[in-house]
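Participant: Each number in the working numbering corresponds to the 1-based position in the sequence shown with 24 added. For each residue, glycine too, the CB sits at the ideal point set by N, CA and C. Note that the structure is a prediction, hence the values are computed from the model and not measured. A single structure is presented below for examination.
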Amino acid sequence: MKRRLLFLAALCLFAGLAYAQNRKINGKVTAAESGETLVGVTVLLQGTNQGTVTDVNGEFSLSVPQTQTAIVFSYLGFEQLTVGLSEEDYYEIKLEESRLVLDEITVVAGGIQRARREQGYSATKVTAEELTISKPVSIAAGLTAKVPGLQINAITSGVNPNYRLVLRGNRSLTGNNQALIVVDNAIVSSDILNNINPEDIEEIQVLSGASGATLYGSEASNGVLLVTTKKGKAGKPVIRFSQTLTAQQVSFFPKLQDRFGAGSTADAQIYKPEENQQYGPPFDGSIRNLGYPLENGDQETVVYSPVNDRYDFWETGIQNQSDLSISFGDEKSTTYISGQYLGATGTTPGDKYNRFSARLNGSRKILSNLDINYSANYVQNNYDITSQTGYVYNDLLNIPANVPVLKYKDWRNNPYAAPDGWFNPWYWNPYWIADNFRQDTKNSYLTGKVEIKYAPAPWVYLLYRGAISERYYQNKSWSPKVTYSEYSQSEVGRTNQPGSVSDSHYNVSRVNHDFQAGFNKKLQDFSLNLILGYSYNGYRSKQTEVGASALLIPELYNIRNRVGEASVPTTSGNLNANWDQKYINLGLWGDFLIGYKNYLFLHVTGRNDYTSLLKKENRSYFYPSADVSFVVTDAIDALKNSSSVNYLKVRGALSRTGNVNLDPYDTEPTFSSSTGYTKGTYLSQSGTLVSDDLKAEITSGWEVGTEFKLFNRADGQINYYSTSTTGQAVLAGISPSSGFPNYLINTGEVTNQGLETALHITPVRTKNWTLIVGGNYTYNKNKLVTLFDNDNPNDRISINGSSVIYAQEGYELNQIVVSDYARDDQGRVIVDVNTGYPSKATENQIIGNTSPKHRLGLDLSLRWKDFTLTGLFEYRGGFYAAAIDLGNTIDFSGASARSAYYNRERFVFPNSSYLDPSSGKYVENTNITVSDGGSGFWTSGAYNRGIYSNYVFQGDYWKWREISLTYQVPKKALQSLGAIQAASISLQGRNLFLWASSDNEYTDPDYSANDNNAIGVSTLSQTPPSRYFGGSISLTF
25 MKRRLLFLAA
35 LCLFAGLAYA
45 QNRKINGKVT
55 AAESGETLVG
65 VTVLLQGTNQ
75 GTVTDVNGEF
85 SLSVPQTQTA
95 IVFSYLGFEQ
105 LTVGLSEEDY
115 YEIKLEESRL
125 VLDEITVVAG
135 GIQRARREQG
145 YSATKVTAEE
155 LTISKPVSIA
165 AGLTAKVPGL
175 QINAITSGVN
185 PNYRLVLRGN
195 RSLTGNNQAL
205 IVVDNAIVSS
215 DILNNINPED
225 IEEIQVLSGA
235 SGATLYGSEA
245 SNGVLLVTTK
255 KGKAGKPVIR
265 FSQTLTAQQV
275 SFFPKLQDRF
285 GAGSTADAQI
295 YKPEENQQYG
305 PPFDGSIRNL
315 GYPLENGDQE
325 TVVYSPVNDR
335 YDFWETGIQN
345 QSDLSISFGD
355 EKSTTYISGQ
365 YLGATGTTPG
375 DKYNRFSARL
385 NGSRKILSNL
395 DINYSANYVQ
405 NNYDITSQTG
415 YVYNDLLNIP
425 ANVPVLKYKD
435 WRNNPYAAPD
445 GWFNPWYWNP
455 YWIADNFRQD
465 TKNSYLTGKV
475 EIKYAPAPWV
485 YLLYRGAISE
495 RYYQNKSWSP
505 KVTYSEYSQS
515 EVGRTNQPGS
525 VSDSHYNVSR
535 VNHDFQAGFN
545 KKLQDFSLNL
555 ILGYSYNGYR
565 SKQTEVGASA
575 LLIPELYNIR
585 NRVGEASVPT
595 TSGNLNANWD
605 QKYINLGLWG
615 DFLIGYKNYL
625 FLHVTGRNDY
635 TSLLKKENRS
645 YFYPSADVSF
655 VVTDAIDALK
665 NSSSVNYLKV
675 RGALSRTGNV
685 NLDPYDTEPT
695 FSSSTGYTKG
705 TYLSQSGTLV
715 SDDLKAEITS
725 GWEVGTEFKL
735 FNRADGQINY
745 YSTSTTGQAV
755 LAGISPSSGF
765 PNYLINTGEV
775 TNQGLETALH
785 ITPVRTKNWT
795 LIVGGNYTYN
805 KNKLVTLFDN
815 DNPNDRISIN
825 GSSVIYAQEG
835 YELNQIVVSD
845 YARDDQGRVI
855 VDVNTGYPSK
865 ATENQIIGNT
875 SPKHRLGLDL
885 SLRWKDFTLT
895 GLFEYRGGFY
905 AAAIDLGNTI
915 DFSGASARSA
925 YYNRERFVFP
935 NSSYLDPSSG
945 KYVENTNITV
955 SDGGSGFWTS
965 GAYNRGIYSN
975 YVFQGDYWKW
985 REISLTYQVP
995 KKALQSLGAI
1005 QAASISLQGR
1015 NLFLWASSDN
1025 EYTDPDYSAN
1035 DNNAIGVSTL
1045 SQTPPSRYFG
1055 GSISLTF
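Structure representation (structure tokens):
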């Protein structure tokens, strides 16, 4: 860590600026046709990369050397304009709309700058404004529903939500499948994305296919998010400050019944004051005892009527975010410095979070042909949250609707709220759980990069880039030691709890070194560009964890305060919580682009990787790609200068990539420490036999697409793609006589086929009004074609060890496979002719897959003078979701709405049939009722709770993702304030409303408890889904 800090400190030495004798010019940029103010226009000193951008009023200020003769104005959708400098100090600039709107220069993989016309593959750009319009605290939240092909799932909704990002479906059965994250051309771990300050982002390029794999290696085979952070601009210092206040509220809660109170007697509604189950008599407004008497004889009483406390228990979280940045530079140097502080409370009582980040980005022109760029970013976040969200959620759902939960918040001074006095002997007061089951977590993220570029001749350059990415994690978790009174133990039946504490430390680091040599030549009608490169990627992770499973002294959470030996969190007795892993990837690659008359381009790449993850014989693997781009509007004379077809490009790409989805040492026999019955320690060998010929997985794919602009009002793209991944690294069953239960081999094929479209239309654009409407649509079919080389069509494997999500041969990936009712040939549930109870199928059934086939994002932006209103809606359809433990819990407790659908009376099981003994055929059941419509049925594992298909629901939904209303304070109103150059005030909201399927009574189907491939299953360990709304103010000095 010290070496890395010294490395970053050395970068800061390049931040010194040497100002020349300059003069200052000012001006304003507008659209020639509409007179609309243009915000974010790039203003550069001709012949340099030094300059500035126009502010929210379209104005700019620039320091210009006395020798400078011209400045260049460029803006997406408008013709570039070069303006000669005179003695004037103020310039009114009017830009004409361009028919080459998609011909911008953009950054592609490896930091290479290319024109959009040269790209033969799909790439989507998200600007800083689009990303941060609703003031999200994470980049992933700001990207949701804005990029075709990108699926983002929320993993939690706590004080710092986590997300999973997948492009074009899952390719690997056992790999991570998430997109590679690259920040300023340096690979970083995916968890860093959730901690980067969104206000630091300049733009994000999303490469949906494998086009980035050549420059970034096999990790890029699942697509790439190229994150470019803000840089300094030449001119006087620009200081920006913003303050955002956001409220977080629970947006979706399970549907609960509020008609029946405590009771558990089968086929009878008898009130039990100590019962958590809610199968008692209907609420009647009477006064009833609650729980057992206290040891002194006091008895708590409550009104036997429902209250809203189970909903009101969840608090309104507050996020308070402060952002500050300064940007400055001259013709040789630029510097950008920023800082952010975010403080947040969550919806779970007592949960807190804070994050501090600091960034330094800079550049320096050492010589006319020698440039250096550097960056450093440090982020620290701290969690103080409950370690048992599942306990809180579970125990809350096991409280009858008439219990006034909110009055038990002060459990220290309320005897009925403390463990000894809680009304129910099997569960705890959720406030007490939130206060006593805690964890403190600290994460420190450090990233840094230095890039040196030397051009010995105009047609050649040499580049070195070195980067580090490091995370240090430390966590302390504890649970209380609870010693009940003799009365509570003997009369109530409570059991003492030993308490526990654990400490863990985790460190992961990456070191990247890249070397490039680039050559470019212009030969008459042809342009040639060749890049050769070498890359080194070193990775190391290390974890140490130790704990105490029983405490000696209550409320002293120290490992030394233990009864017995220190423990290590185990899995089946193996001490797997401590490890030290390393691996290295090396790559040699080439990138060649040839262009003809600037409208036809052929791009080919090749890369050979060497990885320590595979055995020596198979560590080397090669993969090529090729793509073609053809700008039709430049090639066909009749379309040149067309007023209807302003821009039209068609393209196609072929790719082949290798990927290794293994952990370090997976291919070697390893030993792990285990504990035996004598409390000694012994070594046990891995239970996996590895194929001697294990190789990299191979993904082959192709895509075709088009990009267009019509009538200077509509622009968009259409892409169709197909991929096939073979040689999956899968654990297969093997004969026990081999001495191993599993055999790791290459087998199976997974395919993805899909369509991606995006379209934006500007029907109104005047000086005072601008209306832009648009959207993006994605269709993806993800299928396991084959699994093992045999004739068994029912082959399936669990996805990431899930007991619910499987990959089944011949089906789409991520199938929910669970227990279901036995059904006749018409799909009706077969019931017992005597009891009316449904019967269970002998085998688990395939219900449906959890990956949406259809995703649609619809967005709108309306500007009137200084006001701008934006909105974003999303639809996901064609998938299922499951909430098994949540649904199971509320059926057991009797809190679920479905458990009261039939008024707790006997009922005919819907859509059922029975075997008619006289005919031997199944006939529709219209009159045979279940023997018990109360707890006897709804808590039964045989008839209800053990049938997991009851808790699977259609996942389709519409969601109002974002809304914002922004007011830009007019320049004239700020003149009296002197230093303030621009100001804006905005209101915004995210995840405001959800329109879900009628059979979804449990949770937001967007949420998933797993951060791996087994998406689509929600659990009690998650906090309920949230909505966000707030306001912000931004000032520019």
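Span of the alpha helix (DSSP H) holding S724?
Facilitator: Not the alpha helix (DSSP H): S724 falls in the beta strand (DSSP E), residues 721-734.
Participant: Please classify G13: does DSSP put it in a helix, a strand, or coil?
Facilitator: As shown, the chain starts at 25 and ends at 1061. That puts residue 13 outside it, with no answer to give.
Participant: Using CA atoms only, rank isn't needed, just tell me which of Q1012, N912, G370, A924 is closest to G304.
Facilitator: A924
Participant: On the three-state DSSP scale, how would you describe A290?
Facilitator: coil
Participant: Rounded C-beta distance between G881 and E898? I'm assuming under 8 Å.
Facilitator: 5 Å
Participant: Let me know if W1019 comes out buried or exposed under the rule of 16 or more other beta-carbons within 10 Å of its beta-carbon.
Facilitator: exposed
Participant: Note down, in chain order, each residue of its chain lying with its Cβ closer than 8 Å to the Cβ of Y845, except the 5 sequence neighbours on either side.
Facilitator: The beta carbon of Y845 lies closer than 8 Å to those of V853, I854, P862, S863, K864, A865, I971, S973 in the same chain, with the five residues before and after it left out.
Participant: Quick check on DSSP: helix, strand or coil for Q999?
Facilitator: helix
Participant: Going by alpha carbons, who is nearest to G64 out of R334, D687, F97?
Facilitator: F97
Participant: Indicate the three-state DSSP secondary structure (helix, strand or coil) for S242 in the structure shown.
Facilitator: helix
Participant: Give the straight-line distance between the Cα atoms of S596 and G571, rounded to the nearest whole angstrom.
Facilitator: Residue placement at S596 is flagged as unreliable, the pLDDT there being 38, under the threshold of 50; the coordinate-derived value follows with that caveat. Taking the straight line from one Cα to the other gives about 16 Å.
Participant: Closest to R1051 by C-alpha separation, out of K995, P160, P222, would be which residue?
Facilitator: P160
Participant: Please report the straight-line C-alpha distance between D282 and Y335, rounded to a whole angstrom.
Facilitator: 12 Å
Participant: Any chance the segment 764-777 sits against the segment 713-729, with 3 or more Cβ pairs inside 8 Å?
Facilitator: yes
Participant: Using DSSP with H/G/I as helix, E/B as strand and the rest coil, what is I216?
Facilitator: helix
Participant: For a quick check, are the C-beta atoms of E836 and T810 less than 7 Å apart?
Facilitator: For E836 and T810, no; Cβs fall outside 7 Å.
Participant: So D333 packs on V416, CB below 8 Å; how close in whole Å?
Facilitator: Rounded, the Cβ-Cβ distance is 14 Å, inconsistent with contact.
Participant: Specify the secondary structure class of N46 as computed by DSSP and reduced to three states.
Facilitator: strand
Participant: Got a sec, what are the start and stop residues for the beta strand (DSSP E) E227 sits in?
Facilitator: 225-231
Participant: By a C-beta neighbour count over all protein chains shown, 10 Å radius and 16 as the cutoff for buried, is E641 buried or exposed?
Facilitator: exposed
Participant: Would you mind sorting P1049 into buried or exposed? The rule is 16 or more other CB atoms within 10 Å of its CB.
Facilitator: buried
Participant: If you pair each beta-carbon of the segment 568-586 with each one of the segment 201-213, do three or more pairs fall below 8 Å?
Facilitator: no
Participant: Which term fits D1030, buried or exposed, when burial requires 16 or more other beta carbons within 10 angstroms of its beta carbon?
Facilitator: It counts as buried.
Participant: Span of the alpha helix (DSSP H) holding I390?
Facilitator: Not the alpha helix (DSSP H): I390 falls in the beta strand (DSSP E), residues 376-391.
Participant: How long is the line joining the alpha carbons of S329 and N426, rounded to whole angstroms?
Facilitator: 5 Å
Participant: For I157 and E780, which I take to be in contact (beta-carbon distance under 8 Å), what is that distance rounded to the nearest angstrom?
Facilitator: Their Cβ separation, rounded to whole angstroms, is 22 Å, which puts I157 and E780 out of contact at 8 Å.
Participant: In the DSSP assignment, what residue or residues form a beta bridge with T802?
Facilitator: E780, R879
Participant: For the segment 958-970 and the segment 287-306, state whether three or more C-beta atom pairs, one from each stretch, are separated by less than 8 Å.
Facilitator: yes
Participant: Please specify which runs of the alpha helix (DSSP H), each continuous and at least 4 residues long, are wholly inside the segment 96-168, giving them in chain order.
Facilitator: 152-156, 163-167
Participant: Less than 7 Å separating the beta-carbons of N184 and Y377?
Facilitator: Yes.
Participant: So, T749 versus A237, is the Cβ gap smaller than 7 Å?
Facilitator: no
Participant: In whole angstroms, give me the CA-to-CA distance for S1032 and S964.
Facilitator: 27 Å
Participant: By a C-beta neighbour count over all protein chains shown, 10 Å radius and 16 as the cutoff for buried, is G825 buried or exposed?
Facilitator: exposed
Participant: In chain order, what residues of the same chain lie with their CB nearer than 6 Å to the CB of Q832, ignoring the 5 residues before and after it?
Facilitator: R820, Q839
Participant: Over the uninterrupted alpha helix (DSSP H) stretch that includes N912, give me the two end residues.
Facilitator: 908-917
Participant: Pick out whichever of S936, T730, A491, G256 has its Cα sitting closest to the Cα of Y744.
Facilitator: T730
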